[in-house]
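Take a look at the structure below.
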Amino acid sequence: QITLKESGPTLVKPTQTLTLTCTFSGFSLTTNGVAVGWIRQPPGRALEWLGVIYWDDDKRYSPSLRSRLTITKDTSKNQVVLTMTNMDPVDTATYYCAHRRVGLVGAFTWFDPWGQGTLVTVSS
Amino acid sequence: DIQMTQSPSSLSASVGDGVSITCRASQSIGSYLNWYQQKPGKAPKVLIYAASSLQGGVPSRFSGSGSGTDFTLTISSLQPEDFASYYCQQSSTTPYTFGQGTKLEIK
């Protein structure tokens, strides 16, 4: 059974750096094809894809946030870490990490399952 | 970025009704389209992947269709637990963008 759980601060001040940890079980980020993604959702608004890290340490980021985002992994701890610099009140959101599944045929991918999410509020 | 546009943004329906939600991509994405359901205060759950493949454990009243730029999620006979928000997501090209969501409410 695959599970993921996000952890980190619930409140950060503007201009500070946010660091969130996704701790997972049931899979290994050293296995070919495996990936973990980050998605966020401002209160009452839509989901926003932030980025993904792959088993081979390749990473992809949202272009609009690339300059502020870093995603890393610690395979020994089964953790993925998201770092976002220069936080602003508009970054207030629930942040999710999710396991990326790959179809048996083709290169179809989707997120399943997701962590429970963690609400981060940016306020002075 | 590929833009994903869902319609309608909100929808009211009754238990037993059939409903459809559409998702349009700003460029062709083949069948690289997923559908998620999200209930208040909960994380999203995948319903459909690769445009029409039903995720294991998802009731057969959910179905997906389409390819290229136009996609549809259909719920054949609404159950009380289906009233939630629904999001499409393209997985053709990063960033793997989501639609703005459709909120399905009880009439």
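Here the protein sequences come in this chain order: A and B.
Quick note, the first sequence lines up with residues 3 to 126 if you use my numbering.
Quick note, the second sequence lines up with residues 4 to 110 if you use my numbering.
Beta carbons are placed, not taken as given, at the ideal position from N, Cα and C, and that holds for glycine.
Per DSSP, the unbroken beta strand (DSSP E) holding A:Trp51 starts and ends at Glu50 to Tyr56. At a beta-carbon threshold of 7 Å, none of the residues of chain A lie near B:Pro43; the nearest stands roughly 10 Å away. Between B:Val49 and A:Asp114, the gap from beta carbon to beta carbon is short of 7 Å.
With respect to the 7 Å criterion, A:Thr77 and A:Leu13 are not classified as neighbours on the basis of their beta carbons. According to the DSSP assignment, A:Gln18 belongs to no beta strand (DSSP E), since it is labelled neither H nor E. Listed along chain B, the residues sitting closer than 8 Å to A:Ala48 by beta-carbon distance are Tyr90, Phe101, Gly102, Gln103 and Gly104. For B:Glu108, the uninterrupted beta strand (DSSP E) run begins and ends at Thr105 to Ile109, by DSSP.
Under the three-state reduction of DSSP output, B:Val61 falls in the coil class, being neither helix nor strand.
The criterion of a C-beta distance shorter than 7 Å is satisfied by A:Tyr98 and A:Trp116. Put simply, the region 82-97 of chain A touches the region 18-25 of chain A. At least three CB pairs are less than 8 Å apart. Looking only at B:Pro47, B:Gly71 and B:Trp38, the smallest Cα-Cα distance to B:Ser56 is reached by B:Trp38.
Note that the region 31-45 of chain B does not touch the region 8-18 of chain B; fewer than 3 beta-carbon pairs, one per stretch, sit closer than 8 Å. A:Val92 carries a helical assignment under DSSP once its states are collapsed to helix, strand and coil. Interface criterion met: the Cβ of A:Thr111 is under 7 Å from a Cβ in chain B. A:Ser64 reaches chain B at Pro98, counting residues in chain order whose Cβ is nearer than 7 Å.
The beta-carbon separation of A:Leu49 and B:Tyr90, rounded to 6 Å, stays under the 8 Å limit for a contact.
Of the candidates B:Pro11, B:Ser68 and B:Ala54, the residue whose Cα lies closest to the Cα of A:Gly108 is B:Ala54.
A direct Cα-Cα distance of roughly 43 Å separates B:Gly59 from A:Thr17. DSSP, read as helix, strand or coil, puts A:Pro65 in coil. For a Cβ distance threshold of 7 Å, residue set Ala46 of chain B lies close to A:Tyr98, ordered along the chain. A:Arg70 and B:Ser68 have their alpha carbons spaced roughly 37 Å apart.
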